[in-house]
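In our numbering, the protein residues as written are 27 to 488. First up is the structure itself, then whatever we jot down about it.
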Ligand SMILES: Cc1cc2nc3c(=O)[nH]c(=O)nc-3n(C[C@H](O)[C@H](O)[C@H](O)COP(=O)(O)OP(=O)(O)OC[C@H]3O[C@@H](n4cnc5c(N)ncnc54)[C@H](O)[C@@H]3O)c2cc1C
């Protein structure tokens, strides 16, 4: 049999994890990347979102460990935090404050540059994996089968091409150029924008401080104003303010502080006052939910898989993009283990990946569509309509998830990208829906005494 060759387009997180997935089942893997990839946790042009807050959910961390064993341990050894969910997370959701039940899941928090470097270093060291520096300009093949790619105008043959070029992907255009049907593109765009600043945590809060989220109430009819604080390596905090259309967070220093004061709770504003800024605020507007699907006839060429943000990019506030990419790469590895490079691989992989991304897509889009002037393009617009009864149920489940340990554990599995929404239909969760066994609603942030002192500006070291 001829040696197999796969080409991965883009050497970002999805691309390097895909290279790891392919390496076990393919003789040669070439990752094509237009940026020079740094030999350390450093910023680069192709991943501008890296300066914003990134949390890695446990579902994604587990997938990374399956593909590249020891990844989360290496991240932690380099300063990443492992925080229990919900124990180490202080969240005001649309439905109220969440109790800090004992952790049933976890998240990893560090800078995006550290995550990317740690994954990249391990993936690119695998036997058979190499990087080709260059710009992908198109696909080679026919509407039935992709047989290679164009890199800086040169044709490179491949048994399998995996597009991981992120939100900038031109795969629809490239497919049309081959004479194939362009995929359907779906968009749910609440106009979300980010403003992010990095801070030195106050003395005593460099480690052991929780993630803090103050989220908008997406049902209020008002533009959504939210913010999150995440502890990262080297005693720093990253604070991102986010706003939907009509509430864009400012990128000047005073505006940043004022916007934090305008949130549903002053907690983030108080923490900003307690910390020392290390960077000016920086903006991002790459936050619409966007997804491509094969057309109604399901037509899709052999030899091509699309994965990561190139396939589906989520509103980042939900923190699911990296985890979905990791789980998608892991799904590809499992399909390859079963199928090898046999005909039908691309279709099997697409079905497996679609299953992975379905729940994060539904979770993000059903909330985002509620914000004023949310712009949508949907294959089935009915998918995002809701009735008063739907709303009533969503409110009840949402509120109970904050107060009932069984409902909370199921919701936590979903939010941390470990389970589909079906987790909320398990018999024990259905039984808990009466509300019996729920804790009382919280009327203020559930802070430990040491955390309260930080909020009040009293250093633990003092
Ligand atoms: C503000 C913000 C905050 C976020 N926060 C979170 C979070 O908290 N948690 C989370 O899980 N996710 C978060 N995300 C989402 C996360 O950043 C993405 O899901 C993730 O980067 C997807 O990885 P990717 O490899 O698919 O794409 P990218 O990281 O965008 O990588 C694409 C790569 O392809 C390369 N490339 C592009 N075009 C070409 C070409 N033609 N030729 C060669 N190379 C090319 C680029 O240089 C780049 O290296 C956030 C996103 C944003 C915008």
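Note that the Cβ used here is the ideal one computed from N, Cα and C, for glycine as well. These numbers were taken from a predicted model, which means no experiment stands behind them.
Item	Value
By Cβ distance, which residues of its chain are closer than 7 Å to residue 373, with the 5 residues on each side in sequence left out?	326
Taking the C-alpha atoms as reference points, what is the distance between residue 129 and residue 110?	5 Å
Among 179, 172, 186, which has the Cα closest to the Cα of residue 34?	186
Any heavy atom of ligand 1 inside 7 Å of the beta-carbon of residue 220?	yes
Applying the 10 Å Cβ sphere with the 16-neighbour rule, what's the burial state of residue 344?	buried
Would the C-beta of residue 59 count as close to ligand 1, meaning under 7 Å from any of its heavy atoms?	yes
So for residue 285, helix, strand or coil by DSSP?	helix
So what does DSSP say about residue 119, is it helix, strand or coil?	strand
Just the C-alpha distance for residue 276 and residue 244, rounded to the nearest angstrom, thanks.	20 Å
With a threshold of 16 other CB atoms inside 10 Å of the CB of residue 37, please say whether the residue is buried or exposed.	buried
Below 7 Å, is the gap between the Cβ of residue 197 and the nearest heavy atom of ligand 1?	no
Go ahead and label residue 179 buried or exposed: buried means 16 or more other beta carbons lie within 10 angstroms of its beta carbon, across all protein chains shown.	exposed
Taking 7 Å as the line, does the beta carbon of residue 99 fall inside it for any heavy atom of ligand 1?	no
Buried or exposed for residue 112, please, with buried defined as at least 16 other CB atoms from any protein chain shown within 10 angstroms of its CB.	buried
Tell me whether residue 39 counts as near ligand 1, meaning its Cβ is closer than 7 Å to at least one heavy atom of that ligand.	yes
Using a threshold of 8 Å, state whether the C-beta atoms of residue 177 and residue 158 are closer than that.	yes
Leaving out five residues before and five after residue 401 in sequence, what residues of the same chain have Cβ atoms less than 6 Å from its Cβ?	215
Do the CB positions of residue 318 and residue 253 come within less than 8 Å of each other?	no
Among the residues of its own chain, which have a CB less than 6 Å from the CB of residue 72, if the five just before and after it don't count?	61
By a C-beta neighbour count over all protein chains shown, 10 Å radius and 16 as the cutoff for buried, is residue 126 buried or exposed?	buried
Does DSSP put residue 469 in a helix, in a strand, or in coil?	coil
So residue 172 packs on residue 182, CB below 8 Å; how close in whole Å?	Residue 172 to residue 182, Cβ: 12 Å. No contact.
Do the segment 142-156 and the segment 300-315 touch if we need at least three Cβ pairs shorter than 8 Å?	no
Alpha carbon to alpha carbon, how far is residue 434 from residue 415?	22 Å
Mapping DSSP to helix, strand and coil, what is residue 78?	coil
If you count every other CB in all the chains shown that lies within 10 Å of the CB of residue 29, and 16 or more means buried, which is it?	exposed
If you reduce the DSSP assignment to three classes, tell me which class residue 248 lands in.	coil
How about residue 342: is its Cβ closer than 7 Å to a heavy atom in ligand 1?	yes
Taking 8 Å as the cut-off, does the segment 421-436 touch the segment 258-271 (at least 3 CB pairs, one atom from each stretch)?	no
Opposite residue 189 in the DSSP bridges: which residues?	35, 332
When the Cα of residue 364 is compared with those of 43, 42, 48, which residue comes out closest?	48
So for residue 344, helix, strand or coil by DSSP?	helix
Does DSSP classify residue 143 as helix, strand or coil?	helix
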